[in-house]
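Enquirer: All residue numbers for the sequence shown refer to my numbering, where the first residue is 8 and numbers rise by one. Yeah, the Cβ is synthetic: ideal placement off N, Cα and C, and Gly gets one too.
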Amino acid sequence: MSTLHVLSHSPFSDTRLGSCLRLLGSDDALLLSGDAVYAVLPQGSALTPLQEKAVFILEEDLLARNLDCPQWATCVDYPAFVELSIRYDKVNSWL
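1. What are the partner residues of asparagine 99, as DSSP defines its beta bridges?
2. Which ranges does the alpha helix (DSSP H) cover as unbroken runs of at least 4 residues, wholly within the segment 61-99, from first to last along the chain?
3. Which same chain residues, not among the five before or five after asparagine 99, have their C-beta less than 6 Å away from its C-beta?
4. Please work out which residues of its chain come closer than 6 Å, Cβ to Cβ, to tryptophan 101, disregarding the five sequence neighbours upstream and downstream, and give them in chain order.
5. How close, in whole Å, do the beta carbons of aspartate 95 and alanine 36 come, if the pair is a contact with beta carbons under 8 Å?
6. What residue range does the beta strand (DSSP E) around leucine 31 cover?
7. Roughly how many angstroms lie between the CA atoms of aspartate 68 and leucine 38, to the nearest whole one?
8. Taking glutamine 50 as part of the alpha helix (DSSP H), name the residues at either end of that continuous run.
9. Within 10 angstroms of its Cβ, does valine 44 collect 16 or more other Cβ (buried), or is it exposed?
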(Lines of atoms letter the chains of each structure in order from A and count residues from 1; the text may use other names and numbers.)
(Lines give C-alpha, C1' and ligand atoms only; values in the text may rest on other atoms or scores of the structure.)
Protein backbone atom coordinates (compact mmCIF):
# COMPACT_ATOMS: atom_id res chain seq x y z
CA MET A 1 0.00 0.00 0.00
CA SER A 2 1.55 3.30 -1.10
CA THR A 3 1.65 6.39 1.11
CA LEU A 4 2.17 10.06 0.36
CA HIS A 5 3.97 11.58 3.34
CA VAL A 6 3.37 15.33 3.75
CA LEU A 7 5.88 17.28 5.78
CA SER A 8 5.64 21.01 6.51
CA HIS A 9 8.07 21.58 9.40
CA SER A 10 11.63 22.79 9.05
CA PRO A 11 14.18 19.97 8.93
CA PHE A 12 16.35 22.08 11.25
CA SER A 13 13.80 22.37 14.08
CA ASP A 14 13.13 18.72 14.94
CA THR A 15 13.60 15.11 13.78
CA ARG A 16 10.37 14.63 11.80
CA LEU A 17 12.14 14.53 8.43
CA GLY A 18 14.59 11.87 9.59
CA SER A 19 11.78 9.79 11.08
CA CYS A 20 9.77 10.13 7.91
CA LEU A 21 12.69 9.08 5.70
CA ARG A 22 13.23 5.95 7.81
CA LEU A 23 9.59 4.93 7.26
CA LEU A 24 9.35 5.68 3.54
CA GLY A 25 8.72 2.51 1.59
CA SER A 26 9.69 1.88 -2.01
CA ASP A 27 6.18 2.79 -3.24
CA ASP A 28 5.91 5.88 -1.03
CA ALA A 29 6.59 9.53 -1.80
CA LEU A 30 7.31 12.65 0.19
CA LEU A 31 5.75 16.06 -0.36
CA LEU A 32 7.62 18.99 1.18
CA SER A 33 5.60 22.09 1.95
CA GLY A 34 5.92 25.11 4.23
CA ASP A 35 9.27 25.31 6.02
CA ALA A 36 10.06 21.70 5.07
CA VAL A 37 11.23 23.01 1.68
CA TYR A 38 14.40 24.16 3.46
CA ALA A 39 15.48 20.51 3.23
CA VAL A 40 16.67 21.28 -0.32
CA LEU A 41 19.41 23.59 0.99
CA PRO A 42 22.91 22.21 0.33
CA GLN A 43 23.84 22.29 4.03
CA GLY A 44 20.84 20.12 4.90
CA SER A 45 21.90 16.77 6.34
CA ALA A 46 18.91 15.06 4.71
CA LEU A 47 19.85 16.15 1.20
CA THR A 48 21.49 12.87 0.10
CA PRO A 49 18.70 10.58 1.41
CA LEU A 50 16.11 12.86 -0.23
CA GLN A 51 17.77 12.46 -3.62
CA GLU A 52 17.10 8.72 -3.47
CA LYS A 53 13.35 9.09 -2.84
CA ALA A 54 10.30 10.21 -4.80
CA VAL A 55 10.12 13.82 -3.63
CA PHE A 56 7.56 16.44 -4.55
CA ILE A 57 7.85 20.06 -3.44
CA LEU A 58 5.08 22.61 -3.32
CA GLU A 59 6.24 25.26 -5.77
CA GLU A 60 4.49 28.13 -3.98
CA ASP A 61 6.49 27.45 -0.82
CA LEU A 62 9.77 27.34 -2.73
CA LEU A 63 8.97 30.68 -4.36
CA ALA A 64 7.97 32.23 -1.03
CA ARG A 65 11.41 31.31 0.34
CA ASN A 66 13.30 32.23 -2.85
CA LEU A 67 14.52 28.64 -3.34
CA ASP A 68 14.92 26.68 -6.56
CA CYS A 69 13.53 23.24 -7.18
CA PRO A 70 16.39 20.73 -7.37
CA GLN A 71 16.63 18.44 -10.41
CA TRP A 72 16.02 15.33 -8.30
CA ALA A 73 12.60 16.58 -7.11
CA THR A 74 9.33 17.43 -8.82
CA CYS A 75 7.72 20.80 -8.16
CA VAL A 76 3.93 20.75 -7.93
CA ASP A 77 1.17 23.30 -7.62
CA TYR A 78 -1.96 22.88 -5.50
CA PRO A 79 -4.00 21.01 -8.16
CA ALA A 80 -1.10 18.56 -8.57
CA PHE A 81 -0.98 18.18 -4.78
CA VAL A 82 -4.62 17.12 -4.85
CA GLU A 83 -3.85 14.68 -7.67
CA LEU A 84 -1.02 13.16 -5.62
CA SER A 85 -3.40 12.74 -2.69
CA ILE A 86 -5.68 10.70 -4.93
CA ARG A 87 -2.90 8.70 -6.60
CA TYR A 88 -1.52 7.27 -3.34
CA ASP A 89 -3.50 4.82 -1.20
CA LYS A 90 -2.95 6.82 1.99
CA VAL A 91 -1.81 10.32 2.95
CA ASN A 92 0.17 10.75 6.17
CA SER A 93 0.66 14.33 7.39
CA TRP A 94 3.55 14.72 9.81
CA LEU A 95 2.02 17.23 12.22
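Expert: So, from the listed chains and residues:
1. As a working note, residue 99 is residue 92 in the sequence shown. Paired residue(s): His12.
2. 66-71 and 85-94
3. The sequence position of residue 99 within the sequence shown is 92, counting from 1. Excluding sequence neighbours, asparagine 99 sits near Thr10 and His12.
4. Position 94 of the sequence shown, counting from 1, holds the residue named residue 101. Counting only Cβ-Cβ distances below 6 Å, and skipping sequence neighbours, we find Leu14, Arg23 and Cys27.
5. In the sequence shown, the residue the question calls residue 95 occupies position 88. In the sequence shown, the residue the question calls residue 36 occupies position 29. A small correction: the amino acid at residue 95 is tyrosine; aspartate does not occupy that position in the sequence shown. Right, the Cβ-Cβ distance comes to about 7 Å (below 8 Å), so this counts as a contact.
6. Indexing the sequence shown from 1 puts residue 31 at position 24. Premise fails: leucine 31 is in no beta strand (DSSP E) and is neither H nor E.
7. Taking the sequence shown and counting its residues from 1, one reaches residue 68 at position 61. Taking the sequence shown and counting its residues from 1, one reaches residue 38 at position 31. If you draw a straight line from the Cα of aspartate 68 to the Cα of leucine 38, it is about 11 Å long.
8. By 1-based counting over the sequence shown, the position of residue 50 is 43. Run containing glutamine 50: none; DSSP gives neither H nor E here.
9. In the sequence shown, the residue the question calls residue 44 occupies position 37. Per the 10 Å Cβ criterion, buried.
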